[in-house]
Amino acid sequence: GITGATTAGLRGTLIDKFGMKIPLRFFAPSYAVLILLFSTGNSSTQLVVFAGVLGFSAPPINLSIRPLWKVTVPQDQIRTAYAIDTAVMNSVGVFGPLAATTVALNYSPELSLQICSALIFIGGAALSLSPQLKRWAPEKKTSKDLAVWRTPAMQLLMLEGVFIGLGWGAFDIAVPAFTTLENIPHRTGILFAIMAAGNVIGGLVAGMVSKKTSSFAAFKRIYLFWFIFSLPLAFTYPDWSMMIVTATMSLMSGGLQVFYLEISEAVRPKGTAVAALGWLWTVEGTFASLGAALGGFISEHYSPRYCLALTTTCVGIGYLIMRGGAGLLKAADRIPTEEEDTEALEANLDTNK
């Protein structure tokens with residue numbers, strides 16, 4: 472949870488400094504062993520301590536994959552690669568917990584954790600031995616290059632991440648709280664499954680958008696519709712009304728994720744291919760944890776509808792931040808020429824020899 476989010480940027484910084492092999496070969500096996508230790512916990516105190524340690528030691532697998540796309544697919548297919556990436560992650564984010572819960576309920580929680588440990592080890596080992604890792608190396612950074620936290624464009628993205636994290640943290644609590652209070656908890660899974668499907672479809676559609684459209688231009692349009700579709704959210708009930716609203720919202724958010732990756736890549740400072748995204752995740756993930764805590768309090772003492780209203784408010788603020796800071800994101804609001812695409816690809820390959 473919060474321990475994993477707050478340290479994502481640090482793990483990204485390690486990769487930008489030392490490369491991917493060492494962090495992956497250390498964190499992935501360590502994390503797999505810690506999951507096995509977690510499965511032996513027999514008190515709430517032990518479980519909380521183990522969970523905190525797991526968060527601090529989470530392997531940077533997702534952080535490592537994103538930069539590898541640039542040395543894996545042609546430059547004109549990066550957007551499609553990001554789309555497939557987000558589609559897979561959104562799918563696994565829903566079906567992974569579903570599979571783990573099914574195994575835990577039908578067999579044992581220990582078996583579910585053991586399977587998780589094995590998959591983490593296999594995934595980390597496979598990635599650390601991937602031929603693509605040999606083609607990627609940390610970018611060389613000069614004294615003139617700003618740190619992530621001191622780059623105005625990254626500061627803008629972090630500010631937006633504060634509100635989006637807060638809003639979606641509250642949303643993630645509001646839905647199960649709402650369905651539980653209404654004695655229809657089974658609809659929680661349906662709603663989140665619909666959202667996962669919408670994210671996948673939205674991401675794949677975004678991947679088909681022509682490269683003649685700048686990432687920031689597409690991002691702004693989709694963001695506006697995301698906010699508009701969220702306006703009725705607080706007035707919905709966990710039935711067809713909430714299903715329709717969350718479905719349309721997830722279609723937009725799925726596309727936003729694709730263009731967000733392009734924007735962050737375009738405006739990040741040199742030498743932060745992994746750390747930039749890691750620190751953005753740190754900010755958003757930390758505030759998502761705070762939003763979840765706030766959402767739990769609001770749902771218990773007031774109403775889940777207030778949490779849903781908070782989600783809409785945060786999306787609206789996020790949109791205004793991105794629109795107001797458009798001048799800082801000019802690097803993502805242009806269409807590179809074919810010559811620039813070729814030069815960028817060649818420069819990237821030269822750097823990684």
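Take the position in the sequence shown, starting the count at 1, then add 471; the result is the number in our numbering. Note that the Cβ used here is the ideal one computed from N, Cα and C, for glycine as well.
Relative to the C-alpha of residue 775, which candidate in 793, 642, 789 and 588 has its C-alpha closest? Looking up residue 775 in the sequence shown gives position 304. Nearest C-alpha to residue 775: 642.
Inter-stretch contact at 8 angstroms, needing at least 3 Cβ pairs: the stretch 757-768 / the stretch 677-694: no
Going by other Cβ atoms of all chains shown within 10 Å of its Cβ, with 16 needed for buried, is residue 773 buried or exposed? Your numbering for residue 773 matches position 302 in the sequence shown. By the 10 Å Cβ count, residue 773 comes out exposed.
Between 519, 501, 493 and 607, which lies nearest to residue 539 when the distance is taken from Cα to Cα? Working through the sequence shown from its first residue, we reach residue 539 at position 68. The shortest C-alpha separation from residue 539 is found at 607.
How do the stretch 725-739 and the stretch 789-804 stand: do at least 3 beta-carbon pairs fall below 8 angstroms, yes or no? yes
Cα-Cα separation, residue 527 to residue 781: Residue mapping note: residue 527 aligns to position 56 of the sequence shown, counting from 1. Residue mapping note: residue 781 aligns to position 310 of the sequence shown, counting from 1. Distance between the alpha carbons of residue 527 and residue 781: 29 angstroms.
According to the neighbour-count rule (16 or more other Cβ atoms, all chains shown, within 10 Å of its Cβ), is residue 891 buried or exposed? Lying outside 472 to 824, the shown extent of the chain, residue 891 is not represented and no answer is given.
Using 7 angstroms as the threshold, is the C-beta distance between residue 713 and residue 604 below it? One-based indexing of the sequence shown puts residue 713 at position 242. One-based indexing of the sequence shown puts residue 604 at position 133. Contact: no.
Report the CB separation of residue 638 from residue 754 in whole angstroms; it is logged as a contact under 8 angstroms. As a working note, residue 638 is residue 167 in the sequence shown. As a working note, residue 754 is residue 283 in the sequence shown. No, residue 638 and residue 754 are not in contact; Cβ-Cβ is about 13 angstroms, not under 8 angstroms.
Suppose contacts are defined by Cβ-Cβ distances below 7 angstroms. Is residue 763 in contact with residue 640 by that definition? The residue labelled residue 763 in the question sits at position 292 within the sequence shown. The residue labelled residue 640 in the question sits at position 169 within the sequence shown. Yes. Within cutoff.
Which same chain residues, not among the five before or five after residue 799, have their C-beta less than 6 angstroms away from its C-beta? In the sequence shown, the residue the question calls residue 799 occupies position 328. Result list for residue 799: 623, 624 and 627, in chain order.
If you drop the 5 nearest sequence neighbours on each side, which residues of the same chain put their C-beta closer than 8 angstroms to that of residue 660? Residue mapping note: residue 660 aligns to position 189 of the sequence shown, counting from 1. Answer for residue 660: 569, listed in chain order.
Indicate whether residue 523 and residue 749 have their beta-carbon atoms separated by less than 7 angstroms. In the sequence shown, the residue the question calls residue 523 occupies position 52. In the sequence shown, the residue the question calls residue 749 occupies position 278. Contact flag unset, no.
Have a look at residue 609 and residue 744 and give me their C-alpha separation to the nearest angstrom. Locating residue 609 in the sequence shown gives position 138, where the first residue counts as 1. Locating residue 744 in the sequence shown gives position 273, where the first residue counts as 1. Going from the Cα of residue 609 to the Cα of residue 744 covers about 8 angstroms.
Whose C-beta lies closer than 6 angstroms to the C-beta of residue 796 among residues of the same chain, with five residues either side of it excluded? In the sequence shown, counting from the first residue as 1, residue 796 sits at position 325. Answer for residue 796: 627, listed in chain order.
What's the gap between the Cα of residue 580 and the Cα of residue 566? Counting from one through the sequence shown, the residue named residue 580 turns up at place 109. Counting from one through the sequence shown, the residue named residue 566 turns up at place 95. Cα to Cα, the separation comes out at about 17 angstroms.
Roughly how far, in whole angstroms, is the beta-carbon of residue 677 from the beta-carbon of residue 725, given that I think they are within contact range, below 8 angstroms? By 1-based counting over the sequence shown, the position of residue 677 is 206. By 1-based counting over the sequence shown, the position of residue 725 is 254. So it is a contact: roughly 7 angstroms between Cβ atoms.
At the level of alpha carbons, what is the spacing between residue 531 and residue 483? Translated into the one-based positions of the sequence shown, residue 531 becomes position 60. Translated into the one-based positions of the sequence shown, residue 483 becomes position 12. Distance between the alpha carbons of residue 531 and residue 483: 7 angstroms.
Determine the closest residue to residue 696 out of 730, 786, 778 and 612, with distance taken between C-alpha atoms. Stepping through the sequence shown from its first residue, residue 696 is reached at position 225. Taking only the C-alpha atoms, the option nearest residue 696 is 786.
How should residue 591 be labelled, buried or exposed, when 16 other C-beta atoms within 10 angstroms of its C-beta is the threshold for buried? Residue 591 sits at position 120 when you count from the first residue of the sequence shown. So residue 591 counts as buried.
Figure out for me which residue from 741, 788, 507 and 742 has the closest Cα to the Cα of residue 588. Taking the first residue of the sequence shown as position 1, residue 588 is located at position 117. Nearest of 741, 788, 507 and 742 to residue 588, Cα basis: 507.
DSSP three-state call for residue 480: helix, strand or coil? Walking along the sequence shown from the start, residue 480 turns up at place 9. It is helical.
Minimum C-alpha distance to residue 557 - residue among 730, 629, 512 and 478: Position 86 of the sequence shown, counted from the start, is the residue given in the question as residue 557. For residue 557, the nearest C-alpha among the options comes from 730.
Is it right to say residue 516 is buried, meaning 16 or more other beta carbons lie within 10 angstroms of its own, or is it exposed? Taking the sequence shown and counting its residues from 1, one reaches residue 516 at position 45. By the 10 Å Cβ count, residue 516 comes out exposed.
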